[in-house]
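Okay, structure first, notes after.
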Amino acid sequence: MKPSRLMLAWLLVLLACGIVSGTLQALEFAVPANLMAINWGLLLALLALALLDAARVNRLPSPRLKRQLPGSLALGRWSEVQLTLEHDFPQPLNVQIFDHLPPGLGFEHLPLTVELQPGRHSQASYRLRPLKRGHFSFELCEINLPSPLGLWSDRRLLERPDATRVYPDFARLYGGQLLAVDNWLSQLGVRQKQRRGLGLEFHQLREFREGDSLRQIDWKATARQRTPIAREYQDERDQQIIFMLDCGRHMRSQDDELSHFDHALNACLLLSYVALRQGDAVGLSTFASEQPRYLAPIKGTSHLNTLLNAVYDLNSTQRSADYQAAASQLLARQKRRALVVLVTNLREEDDDELLAAVKRLSQQHQVLVASLREGVLDSLRQSPVQTLPEALAYCGTVDYLNARAELHERLNAHGVWVMDARPDELGADLVTRYLGWKRTGR
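Counting from 1 along the sequence shown, just add 36 to a position and that's the residue number in my numbering.
Right under this line is the structure:
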């Protein structure tokens, strides 16, 4: 409980009157004898009213509060939280509400001022914006209840436990389900390459049409039907994709609100969504994390929820990436040939270890190394050079990028696909590469 502004104002007025009266008496001015008595009387009356008011506000019951919190939130997106209050007060009251949020959540419109009307429910809302992924628990909500005479404000802490999960910013994908897949992908900047040749999976037999290749003719069916019959193929759907996601210290860089790790996670989920819609199976393997996680490749769009629940609380660590150990774990678990997408941020010191690990993986799987490039490197390389510090920064950037390019070329020379992309462009680049392979039947 704390004094209100009204009570503090009265105390200041009475204190000022007492100081003025005492000063005048000390200076031997004529002051009415009863003025000090009146001042002390008013002060005692104020204290008596304050004690009475404090006793009355202590007997008031706390309002009943309900918090309507979304079961899941998207990282970096604003959401609304509804608060509903019920009370048994016979007269209207204006109360202040402050919801105690767990760390990692930003907010707007708190504290709230709500007018409580007798016999009616009152509602208020504030906005919530998650700044990191994971599981968040709400415990307390604070209500400042004014006393009947307005001399006190009683602070009540109401226990209202709630919980929510913050997932990667995946809302755009769920919105995309309402659109045609091609139109949705084009909105993301994905470019589908023209298909060359035929797919690898047999679809059906049909009559031979103009423009079909002679290789499509099924001679046995043609002999039986006594008319040219062609085989129709479709893109192979029985493929498996496994993401090897680096959770180590190289992924902790940050160019904007999201870290490189969050960008990489969003890109993996984006490609998972597209691949599952194409009929492929998707799996996940993490390394350099607190507790390495593995999900075997599974088909079906419902598997996307499993992926989201498996990675929503996954965070990067200070550990160094052990590519050899990660390759050994994946080879022990994944026996069938698959497309392995290794998402990391390559450094020059990773040269020998990464090359050895990728060579082992390439003996059984097709490997794509997706390396994130810091956006600040592009800015430094393109900025004008006018001073010595700018020249040193430019030379250091060029030297670093040349070392990265040499590492990529070395991997390419050993038959390993390498993708060098900025974090914010990684998702669209991965989907573009994947659809290109599907179209060409690789």
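Beta carbons: idealized from backbone N, C-alpha and C, even for Gly.
Asked	Found
Rounded C-alpha distance that separates A449 from D291	31 Å
C-alpha gap between A52 and N75, whole angstroms	10 Å
Own chain residues within Cβ distance below 6 Å of L224, not counting five before or after	At L224, the pLDDT of 49 sits below 50, so the modelled position is not reliable; the number obtained from the coordinates is stated separately. Excluding positions up to five away in sequence, the list reads A464.
Reduced DSSP secondary structure (H/G/I, E/B, other) of H444	helix
Length of the line joining the Cα atoms of D349 and H157	36 Å
F279 - DSSP class collapsed to helix/strand/coil	strand
The stretch 133-148 in contact with the stretch 315-328 per 3-pair CB rule at 8 Å	no
Enclosing alpha helix (DSSP H) for N130 [first to last residue]	That residue, N130, is in no alpha helix (DSSP H); its beta strand (DSSP E) goes 129-135.
Neighbourhood of E389 by C-beta distance below 7 Å, restricted to the same chain and skipping five residues each side	Y359, Q360
Whole-angstrom distance between S115 and L109, CA atom to CA atom	7 Å
Residue environment, F172, which counts as buried when at least 16 other CB atoms sit within 10 Å	buried
Cβ-Cβ distance between E293 and G170 below 8 Å	no
At least 3 beta-carbon pairs within less than 8 Å: the stretch 401-408 vs the stretch 451-462	yes
Straight-line gap, T423 to L148 (C-alpha atoms, nearest Å)	52 Å
Environment of Q240 [buried if 16+ CB atoms lie within 10 Å]	exposed
Whether A160 touches L101 by CB criterion (8 Å)	no
Beta strand (DSSP E) runs wholly inside the stretch 75-130, at least 3 long, in chain order	100-104, 108-110, 115-122
Cβ-Cβ distance between P184 and D89 below 8 Å	yes
Rounded straight-line distance, which links the Cα of L48 to that of G54	10 Å
Whole-Å CB distance - P333 paired with Q276, under 8 Å assumed	4 Å
Beta carbon of R242 nearer than 8 Å to that of A266	yes
Boundaries (first-last residue) of the beta strand (DSSP E) holding S321	317-323
For S398, the nearest candidate out of S419, F244, R372 (CA to CA)	R372
Cα-Cα separation between V226 and V379, rounded to whole angstroms	For V226, the predicted structure reports a pLDDT of 48, less than 50, and the residue's modelled location is therefore unreliable. A value from the coordinates is still provided. When rounded, the distance between both Cα atoms is 19 Å.
Cβ-based burial, V310 [other Cβ within 10 Å; buried from 16]	buried
Strand pairing of S356, partner residues [DSSP]	In the DSSP output, where bridge partners are listed per residue, S356 has none listed.
Residue environment, E94, which counts as buried when at least 16 other CB atoms sit within 10 Å	The sequence shown places Asn at residue 94, rather than the Glu named in the question. Counting Cβ neighbours within 10 Å, N94 comes out exposed, since fewer than 16 surround it.
Reduced DSSP secondary structure (H/G/I, E/B, other) of Q252	helix
C-beta atoms of W188 and M72 nearer than 8 Å	no
Three-state secondary structure (DSSP) of Q291	Residue 291 is actually Asp in this sequence, not Gln. Correct three-state label for D291: coil.
CA-to-CA distance, E175 to L375, given in whole angstroms	45 Å
Nearest to R41 (by Cα), restricted to the options F244, A86, L194, D460	A86
C-alpha distance - G212 paired with D248, whole-angstrom precision	With a pLDDT of 47 at G212, under the threshold of 50, the modelled position of that residue is not reliable, and the figure given next carries that caveat. One C-alpha to the other measures close to 34 Å.
Where S352 falls, given that 16 or more other Cβ within 10 Å makes a residue buried	buried
DSSP bridge partner residues for Y203 (one or two, in chain order)	A110
Residue from Q370, L78, L164 with nearest C-alpha to V138	The sequence shown places Pro at residue 138, rather than the Val named in the question. Nearest of Q370, L78, L164 to P138, Cα basis: L164.
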